[in-house]
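Asks: As you go down the protein sequences, you meet chains A and B in turn.
When we follow numbering that gives the first Met the number 0, the leftmost residue of the first sequence carries the number 0, and every step to the right adds one.
When we follow numbering that gives the first Met the number 0, the leftmost residue of the second sequence carries the number 0, and every step to the right adds one.
We put the beta carbon where it would ideally sit given N, CA and C, even for glycine.
Keep in mind it's a predicted model, so treat the numbers as computed, not measured.
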Amino acid sequence: MGSPEEHRQLSEAEIARLIAGLRRILATDSLLVAQEDLVPYECDGLTAYRQLPLLVALPRTEAEVVAILRLCHELRVPLVARGAGTGLSGGATPVRHGVVLSLAKFMRILDIDPVARTARVQPGVRNLAISEAAAPHGLYYAPDPSSQIACTIGGNVAENAGGVHCLKYGLTVHNVLRLRLALIDGTVVEIGSGALDSPGYDLLALTIGSEGMLGIVLEATVKLTPKPLLAQVAMASFDDVIKAGNAVADIIAAGIIPAGLEMMDKPATHAVEDYVHAGYDLNAEAILLAESDGTPEEVAEEIAAMCAVLEKSGATEIRVSRDEAERLKFWAGRKAAFPAVGRITPDYLCMDGTIPRKHLAHVLTRIAELAGEYRLRCANVFHAGDGNLHPLIMFDANKEGEVDRATALGGRILELSVEVGGTITGEHGVGIEKVGQMCVQFLPEELAAFRGVKAAFDEHTLLNPGKAVPTPRRCSEYRLTGSAK
Amino acid sequence: MSDVTEALRERVLAAAVDKTPLRIRGGGTKDFYGNKPEGTLLDTTNHTGIVAYEPTELVVTVRAGTRLAELEAALVEKGQMLAFEPPHFGVATVGGSVAAGLSGPRRATAGSVRDFVLGVKLLDGKGEILSFGGQVMKNVAGYDVSRLMAGAMGTLGLLLEVSLKVLPKPHAEATLRLELPQDKAIETMNRWGGQPLPVSATCWSEGLLTVRLSGARAAVAAAREKLGGEAVADAEVFWRAVREQQMDFFSGAQALWRLSLPSNTAPLDLPGNPLIEWGGALRWLTFDGPAEIVRETAARAGGHATLFRGGDKSAGVFQPLPGPLMQIHGSLKRSFDPQGLFNPGRLYSDF
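Here's what the structure looks like:
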């Protein structure tokens, strides 16, 4: 099991200075130091990695965040920003000698501008809360990660979160116009604006997906999208995963960009059906969900075109949602895939590679072989439209050796993604989980370039150290021991 | 189709030894854009060819010296397009288009160049060949260095290859024209923007608002019905003229300003009539007065102004950056190009 790269130990005197300084900045109940108060912060959604921080700060105002950053910068204390802690890669795993900076109290939606179609929000605002607030204007915030009920926009920015509709509507990076960002020395900068572009380098693109390592988001202005008048989903069964994969390519070759295009394999379908009873075809080797949205005329045209393609591609059964209730039911299964798998196994690891879709058959076959080799079960859910594959590795942490086998299998799957020309992470982030595999995907010179980017913002590597970009030493170790071959 | 990576690399290595700055140039169609080009010419137009094109994966990988026109011809064969509609200005190359970061009429709804950049291969200032991003839609491994290259004016590295997301051409398009004064046109474009309408481009000039609709046949037909106005017959010619700046508006001798603003900004208090695109978010202005007036007006509205063509470039063509951001820019530049070899001063005189 990996652990955050060790940061410099603080002396007792330094810790005392830090705590005294933070007490001057924060209200008493905004600073957690007792071990029992720290436990809820020991991990994020990647529960296999746990680490208690030195302390947790819960500022309420921008001035408090700035003061905390200044103090930590001066004392060279590392900081890990945290939103709702739903991340799946350990991006918010604490550092032992560091501060967890929780933005949970920054929960205000500051402004909704229905004419300009933007929302200005604080980082702790939940993803779904933005859409709820925009709904009276017929608008919504498009990126919809499956944790959208709980995850915050600050975390979405850090991870460049996606969702099931990003083939058509884009990722976080396509839907954020502006960030108000605190740098490690407490300087506050504005990146982007209400306009569609900015002078100079595209620091917005650089910051989004930077896993909290370049700055702390104080505010975000996001784009709002007009809510489609109608959405409808076609659900197709296939007796072969390869046929289902080809059907996806056929839909795109027909010039259609569906609003959502998702695939589940048989183990995933079974887990989900037991849980939500969405009416999935349990005999199918793979199920494809293809959604169309827009005006009623547009949807009718697109659904008809997609059904024709699906049929030609060998679907054994096609059902089109008859109303909104049925559409939500069809989606309920896909959206509940992670918890559904969570029900049938004590623990699971969710992988996140993206692959060129043409290699899907090879990758799924290889994953099944590898799972056999490691004596573990694996279900696959797939953002088929954009090639983002989520194998869910099932294991039992209480059984001797299973954690290690699951982690090793996960590593092999990531390496497989890179082998076929893909990437180790499509939307969950590298965090602490995949930092070793970064050494597989990138050359030492490329990793050095990442460290150069980091240094331009945070020369002492105080923001979220040990995540996303491995040190050269870490890569040497990984090459010697990490690669589970 | 030819791969001259090694020759380009040798040029960069030699420049690093001699400490001679390089002026990277593709088709040379945007020599007018940015601050004055400085350095020894480094021509990329021999580095050409489509390296990989997977229509059903919506991804194309192209060598930077390839002409945009050649790339687009290959995409059209498969019924696809570059949805950000970059200007050709003649013989523009893919590398130059990404480096300049300019997008055309479809930008407000489809996205910009940077939104479609999936990966790059580049030569840094040490002559190292580095790859970032990739050939897949979603990729969050490491910082998004590939998108950082879009609009960097070639100051961070010499682009060798670019992977771009492509999209199917719309099944149907129609163009309408309405007579509207500027304030009403801005209001109308923003109102439409908030509705689920298949608007794919807008252009207002001299009292006429031209709107393009793109999408499913039924959707385009329904929207035409709803929006009214008169159908425009030579629509393709019109939108090409907007994209390539061939309209009379752009032919004057005056300095041409590009103002990027929140889309709902009211008509600006500046002399002359603008040409408006992107649902109100892009405003072109010909103006020979002091730069500060344009810049302050843009900044007050929450945007920025670029001296796009002509005029007095002595104060720099791009809106100045606040100190802390300029410091980050300088550090990034030094990190990718420690000796300052690539396009010195082209973006900002500081680097």
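Give the straight-line distance between the Cα atoms of Gly-20(A) and Gly-192(B), rounded to the nearest whole angstrom.
Replies: Gly-20(A) and Gly-192(B): Cα-Cα distance of roughly 49 Å.
Asks: Quickly, what does DSSP pair Lys-167(A) with across the bridge? List them, please.
Replies: Answer is none; Lys-167(A) lacks a bridge partner.
Asks: Go ahead and label His-276(A) buried or exposed: buried means 16 or more other beta carbons lie within 10 angstroms of its beta carbon, across all protein chains shown.
Replies: Burial call: exposed.
Asks: In whole angstroms, what is the alpha-carbon distance linking Glu-4(A) and Phe-115(B)?
Replies: Confidence in Glu-4(A) is poor, its pLDDT being 48 and thus under 50, which makes the residue's placement unreliable; the coordinate value appears in the next sentence. If I take the Cα positions, the gap works out to 35 Å.
Asks: Can you tell which of Gly-279(B), Ala-298(B) and Leu-258(B) has its C-alpha closest to the C-alpha of Thr-285(B)?
Replies: Nearest option by C-alpha distance: Leu-258(B).
Asks: When you compare the CB positions of Gly-38(B) and Arg-66(B), do they come within less than 8 Å of one another, or not?
Replies: No, the pair does not count as a contact, with Cβ atoms beyond the cut-off.
Asks: What in chain A is Cβ-close to Arg-113(B), meaning under 7 Å?
Replies: Result: Asp-201 and Ala-204.
Asks: Give the DSSP-derived three-state secondary structure of Phe-341(B) in the structure shown.
Replies: It is a strand residue.
Asks: With three or more beta-carbon pairs closer than 8 Å as the criterion, would you say the stretch 328-344 of chain B touches the stretch 156-171 of chain B?
Replies: Contact between the stretch 328-344 of chain B and the stretch 156-171 of chain B is present, because at least three Cβ pairs lie under 8 Å.
Asks: Quick one: residues in its chain with C-beta nearer than 7 Å to the C-beta of Gly-329(B), no 5 flanking neighbours on either side, listed in chain order?
Replies: Taken in chain order, the residues that qualify are Asp-349 and Phe-350.
Asks: Taking just the CA atoms, how far does Asp-273(A) sit from Met-234(A)?
Replies: C-alpha separation (whole angstroms): 18 Å.
Asks: Return the bridge partner residues of Met-234(A) from the DSSP annotation.
Replies: Looking at the DSSP assignment, Met-234(A) forms a beta bridge with Leu-288(A) and Arg-318(A).
Asks: Assuming contact is defined by CB atoms lying nearer than 8 Å, are Leu-359(A) and Gly-244(A) in contact in what I supplied?
Replies: Yes, they are a contact pair.
Asks: Might you give, ordered along the chain, the residues of its own chain that have their beta carbon closer than 6 Å to the beta carbon of Tyr-477(A), omitting 5 neighbours on each side?
Replies: If we look at Tyr-477(A) and ignore the five residues flanking it on each side, its Cβ neighbours are Gly-435 and Cys-438.
Asks: Keeping to the same chain, check which residues put their C-beta closer than 7 Å to that of Ser-146(A); ignore five residues upstream and five downstream.
Replies: Cβ within range, chain order: Thr-85.
Asks: With H, G and I counted as helix, E and B as strand and the rest as coil, what does DSSP make of Leu-110(A)?
Replies: Checking the sequence shown, residue 110(A) turns out to be Asp, not Leu. Reduced to three states, the DSSP call for Asp-110(A) is strand.
Asks: Considering only C-alpha positions, which residue in the set Leu-196(B), Arg-223(B) and Ile-185(B) is nearest to Pro-266(B)?
Replies: The shortest Cα separation from Pro-266(B) among Leu-196(B), Arg-223(B) and Ile-185(B) belongs to Ile-185(B).
Asks: Pull the bridge partners of Phe-441(A) from the DSSP assignment, please.
Replies: Note: Phe-441(A) sits in no beta bridge, so no partner.
Asks: By the 10 Å Cβ neighbour count, where 16 or more other Cβ atoms means buried, how is Ser-10(A) classified, buried or exposed?
Replies: Classification for Ser-10(A): exposed.
Asks: Between which two residues does the beta strand (DSSP E) carrying Glu-160(B) extend?
Replies: Unbroken beta strand (DSSP E) run through Glu-160(B): 157-164.
Asks: Would you list, in chain order, the members of the stretch 163-184 of chain A that have their beta-carbon closer than 8 Å to a beta-carbon of chain B?
Replies: Those would be Cys-165, Leu-166, Gly-169, Leu-170, Val-172, His-173 and Leu-182, in chain order.
Asks: Using a C-beta cutoff of 8 Å, does Phe-441(A) count as contacting chain B?
Replies: Taking Cβ atoms only, chain B reaches closer than 8 Å to Phe-441(A), which makes this a yes.
Asks: Taking 8 Å as the threshold (beta carbon to beta carbon), is Ile-327(B) in contact with chain A?
Replies: Chain A, which has a Cβ nearer than 8 Å to the Cβ of Ile-327(B), makes this yes.
Asks: Spell out whether any CB of chain A is found under 8 Å from the CB atom of Tyr-32(B).
Replies: It does not: the Cβ of Tyr-32(B) has no partner Cβ on chain A nearer than 8 Å.
Asks: For a contact meaning CB atoms closer than 8 Å, what does Trp-277(B) contact in chain A?
Replies: Near Trp-277(B) (Cβ distances below 8 Å), the residues of chain A are Leu-195.
Asks: Leaving aside the five residues before and after Gly-309(B) along the sequence, list all residues of the same chain whose C-beta is less than 8 Å from its C-beta, in chain order.
Replies: Same-chain partners within the cutoff: Phe-31, Ala-252, Gln-253, Ala-254 and Leu-255.
Asks: Beta carbons nearer than 9 Å to chain A: which residues of the stretch 123-146 of chain B have them?
Replies: The residues in question are Asp-123, Lys-125, Glu-127, Ile-128, Leu-129, Ser-130, Phe-131, Gly-132, Gly-133, Gln-134, Val-135, Met-136, Lys-137, Asn-138, Val-139, Ala-140, Gly-141, Tyr-142, Asp-143, Val-144, Ser-145 and Arg-146.
Asks: Give the DSSP-derived three-state secondary structure of Gly-371(A) in the structure shown.
Replies: Three-state DSSP puts Gly-371(A) in a helix.
Asks: Identify whether Val-3(B) lies in helix, strand or coil by the three-state DSSP scheme.
Replies: Correct three-state label for Val-3(B): coil.
Asks: Can you pull the chain B residues whose beta carbon is under 9 Å from the beta carbon of Val-429(A), in chain order?
Replies: Correct list: Val-139, Ala-140 and Gly-141.
Asks: Taking all protein chains shown into account, do 16 or more other C-beta atoms lie within 10 angstroms of the C-beta of Asp-457(A), making it buried, or fewer, making it exposed?
Replies: Buried is the call here.
Asks: Assign Glu-297(A) to buried or exposed, taking buried as 16 or more other Cβ atoms, counted over all protein chains shown, within 10 Å of its Cβ.
Replies: Answer is buried; the Cβ neighbour count reaches 16.
Asks: Does any residue of chain B bring its CB to less than 8 Å from the CB of Ala-126(A)?
Replies: Sequence inspection shows Asn at residue 126(A); the Ala mentioned does not correspond to that position. No, Asn-126(A) does not count as interfacial toward chain B.
Asks: Closest Cβ-Cβ distance between Ala-151(B) and chain A: below 8 Å?
Replies: With 8 Å as the cut-off, Ala-151(B) counts as an interface residue toward chain A.
Asks: Use the C-beta contact count for Gly-169(A): other C-beta atoms within 10 angstroms, 16 or more gives buried, fewer gives exposed.
Replies: Gly-169(A) comes out buried.
Asks: Give me whichever residues DSSP pairs with Ser-101(A) in a beta bridge.
Replies: Arg-81(A), per the DSSP bridge assignment.
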